[in-house]
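Numbering (our numbering), first residue to last: 15 to 198.
Heads up: the structure comes next, in structure tokens.
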Amino acid sequence: MTDCEHATPADCTTDRRGWFDWVSWLMLGAGGAVLSIPVVGYLLGAAIWRRKDEWVSLGKTADFKENETRLVTLKNPLRGPWDGITGELGIYVRRDPEKGFEIFSVHCTHLGCPVSWFSEPGLFMCPCHGSVFYEDGEYAAGPAPRGLYKIEHKIDGDNLHAHVGHLPTLQNPGTPPKDPQATT
Ligand code: FES
15 MTDCEHATPA DCTTDRRGWF DWVSWLMLGA GGAVLSIPVV GYLLGAAIWR
65 RKDEWVSLGK TADFKENETR LVTLKNPLRG PWDGITGELG IYVRRDPEKG
115 FEIFSVHCTH LGCPVSWFSE PGLFMCPCHG SVFYEDGEYA AGPAPRGLYK
165 IEHKIDGDNL HAHVGHLPTL QNPGTPPKDP QATT
């Protein structure tokens with residue numbers, strides 16, 4: 015570093031200017047790094063912190079009557095602390111005397127509106143654009159491209175569990191749709 019007491023004024027000014035240049039670049043770099051955190055998080059977050067669906071208990075199997083379809087609301091295991099009511103998840107549980115349990119997402123396979131169950135005609139109906147699904151979730155009418163999304167389930171002792179978390183979509187439906195050619 016130049017000793018300003020014994021240096022020419024020109025040398026001293028150049029030295030100070032160099033120091034300010036370094037400080038400016040340092041602050042610019044630090045600011046850029048801080049500002050890039052949300053952008054990098056947005057671009058890489060989903061890939062790095064990918065969370066998987068989890069098994070959630072729906073209660074005792076005996077609580078579900080045969081021939082009944084019931085809306086069950088539960089906390090989404092993938093919810094964040096800030097999600098509020100959007101962290102809740104609705105699923106329809108149906109208990110068929112022959113086929114056993116079937117669980118469907120409430121989300122219509124057209125654009126995702128929540129479908130409603132009407133026990134009298136035995137149909138799920140979507141209020142948004144009029145898609146209709148049979149009681150076994152199969153497509154009946156309207157713009158929906160397929161039947162309701164089925165949710166994987168298991169019975170552990172006398173408890174019913176559903177594998178839930180992500181919002182099912184046509185690209186990532188979860189349990190594959192039933193093969194229309196299948197006989198059972
Ligand atoms: S979202 Fe259900 S018919 Fe369009």
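Beta carbons are placed, not taken as given, at the ideal position from N, Cα and C, and that holds for glycine.
Just to confirm my understanding: we take residue i, look at its own chain, exclude 5 residues before and 5 after, and list those with CB closer than 6 Å. What are they?
i           : result
residue 83  : 106, 108, 131
residue 100 : none
residue 175 : 69, 71, 168
residue 88  : 70, 103
residue 138 : 129, 131, 147
Can you tell me where the beta strand (DSSP E) with residue i in it begins and where it stops?
i           : result
residue 147 : 146-148
residue 124 : Here residue 124 belongs to no beta strand (DSSP E), and DSSP marks it neither H nor E.
residue 83  : 82-89
residue 96  : No beta strand (DSSP E) holds residue 96; DSSP gives it neither H nor E.
residue 137 : 137-139
residue 110 : 102-110
residue 158 : It is not in any beta strand (DSSP E) - residue 158 carries neither H nor E in the DSSP assignment.
residue 173 : 173-178
residue 130 : 130-132
residue 73  : 68-74
residue 170 : 167-170
If I'm right that residue i touches residue j with Cβ under 8 Å, what's the distance once you round it to whole angstroms?
i           : j           : result
residue 163 : residue 118 : 7 Å
Have a look at residue i and residue j and give me their C-alpha separation to the nearest angstrom.
i           : j           : result
residue 169 : residue 73  : 10 Å
residue 184 : residue 55  : 26 Å
residue 46  : residue 65  : 29 Å
residue 80  : residue 112 : 9 Å
residue 181 : residue 49  : 30 Å
residue 44  : residue 37  : 11 Å
residue 57  : residue 186 : 20 Å
residue 151 : residue 110 : 12 Å
residue 33  : residue 188 : 59 Å
residue 147 : residue 166 : 19 Å
residue 127 : residue 53  : 30 Å
residue 197 : residue 61  : The predicted position of residue 197 is uncertain, since its pLDDT is 34 and thus under 50; a value taken from the coordinates is nonetheless stated next. Near 39 Å, if we compare the C-alpha coordinates of residue 61 and residue 197.
residue 41  : residue 35  : 10 Å
For residue i, collect the residues of the same chain with a Cβ closer than 8 Å to its Cβ; drop the 5 residues on either side in sequence, then sort them by chain order.
i           : result
residue 30  : none
residue 195 : Because the pLDDT of residue 195 is 40, which lies under 50, any placement of that residue in the model is unreliable, and the question is left without a value.
residue 90  : 97, 101, 102, 103, 178, 179
Among the candidates the options, whose CA atom is the shortest distance from the CA of residue i?
i           : options           : result
residue 103 : 111, 86, 148, 95  : 86
residue 92  : 127, 35, 178      : 178
residue 172 : 129, 75, 38       : 75
residue 77  : 188, 66, 115, 186 : 115
residue 149 : 157, 135, 143     : 135
residue 156 : 145, 166, 140     : 145
residue 121 : 40, 161, 110      : 161
residue 125 : 53, 141, 40       : 141
residue 158 : 137, 123, 129     : 123
Can you list, in chain order, the residues of its chain with a C-beta nearer than 7 Å to that of residue i? Leave out the 5 residues immediately preceding and following it.
i          : result
residue 95 : none
residue 67 : 177, 178, 179, 180
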